[in-house]
Amino acid sequence: MPEPSDLSHRSDLSHGSDPSDLSHRSDFSHRKGVAFVAGGTGGIGAAVVRILAERGSDVVFTYRSSRAAADALAAEITAEFTDQGRQVRALQLDLSEERSVAAAVAETAAALGGLHTLVHAAGPHVPMVHLSRVAPSAFRTQLDADAGAFFNLAHPALPLLRESRGSIVAVTTVATRRYPVRDGLSAGPKGAVEAVARALAAEEGRYGVRVNCVGPGMLTDGIAARLIGSGELDEAALEITRRNTPLRRFGTARDVAEAVAFLASDSAGFITGQALGVDGGYSV
10 MPEPSDLSHR SDLSHGSDPS DLSHRSDFSH RKGVAFVAGG TGGIGAAVVR
60 ILAERGSDVV FTYRSSRAAA DALAAEITAE FTDQGRQVRA LQLDLSEERS
110 VAAAVAETAA ALGGLHTLVH AAGPHVPMVH LSRVAPSAFR TQLDADAGAF
160 FNLAHPALPL LRESRGSIVA VTTVATRRYP VRDGLSAGPK GAVEAVARAL
210 AAEEGRYGVR VNCVGPGMLT DGIAARLIGS GELDEAALEI TRRNTPLRRF
260 GTARDVAEAV AFLASDSAGF ITGQALGVDG GYSV
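In terms of the numbering used here, the sequence shown opens at residue 10 and continues consecutively.
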């Protein structure tokens, strides 16, 4: 494992790539190892898996219970890129189980030649409810499901990412910057994820490891779509959100995945400790 004194500040050592080869700065075909995506069957997670594969990376993604969706996604992407030898694998995993997560990360890296990117895009559906109606036990459960799971995933990946000078990207929420009423059960724990990400960025930068977050705004797919479908967000609430969004429209999971891929790529090689809002300007 490299020591801080061994690392140069020169950008041409970032990820071991040649800065003159601009064709590699936004893709992953030159990276050794695999991208590990937690939560690959969700709307955002599936978009992340697709875009990383499109950009040249082998991908292992996790799911908790949606085996049929996971198998279908892996088969679809593998077939699409079969002539390029792309490997996309699904792995059932409960991110709350510390030992299982550590074993999965280590075994994935051993089987596929290392780890260059870790993406945390997992998380259960979070109902919109006033915090006064949330039991402390329910808040603790959500905190563990978000921040605890993120740390379970990031911690065993650090030695592998130091070796590859890789990066971590966590998908959080724009609500950590502009709070919508009734979103505290989501925003609070995801704020903890962002705090841990900043701490890791500060501590791991000396080893060449970058850590960033992407904060989605209102999307037409993913969790927002479920909130709309469940009636937790009605048309009046949606119209208020549109008026408060400078672009006057909602985004897509692909918009978020593009930001994740950018932050994980060499094009973002001097960016760490940041939370990028992909929100149409809602957080302005």
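From the three backbone atoms N, C-alpha and C, an ideal C-beta is built for every residue, glycine too. Only a predicted model underlies this, so the values are computations on that prediction, with no experimental measurement involved.
Rounded to whole angstroms, the separation of the alpha carbons of ILE86 and ALA120 is 20 Å.
Nearest C-alpha to VAL57 among ARG258, SER276, ALA131 and VAL183: ALA131.
Scanning the region 175-256 from its first residue to its last, the whole beta strand (DSSP E) runs of 3-plus residues come out as 176-180 and 219-225.
Taken atom to atom, the span from the alpha-carbon of VAL220 to that of ASP264 is near 19 Å. For HIS39, the closest alpha carbon among the candidates ALA99, GLU107, ASP275 and TYR188 is that of ASP275. DSSP places PHE70 inside the beta strand (DSSP E), whose first and last residues are 67-72. Residue ASP67 holds the alpha-carbon nearest to the alpha-carbon of GLU89 among ASP67, GLN101, ALA201 and ALA277.
When C-alpha distances from THR281 are compared across GLY217, ARG171, ARG59 and THR50, the shortest belongs to GLY217. Of VAL190, GLU212, ALA156 and LEU104, the smallest CA-CA separation from ARG171 is found for GLU212.
If you compare the alpha carbons of LEU167, LEU272, VAL269 and THR261 with that of GLY289, the shortest gap goes to THR261.
Under the criterion of beta carbons closer than 8 Å, PHE160 and VAL205 qualify as touching, at roughly 6 Å.
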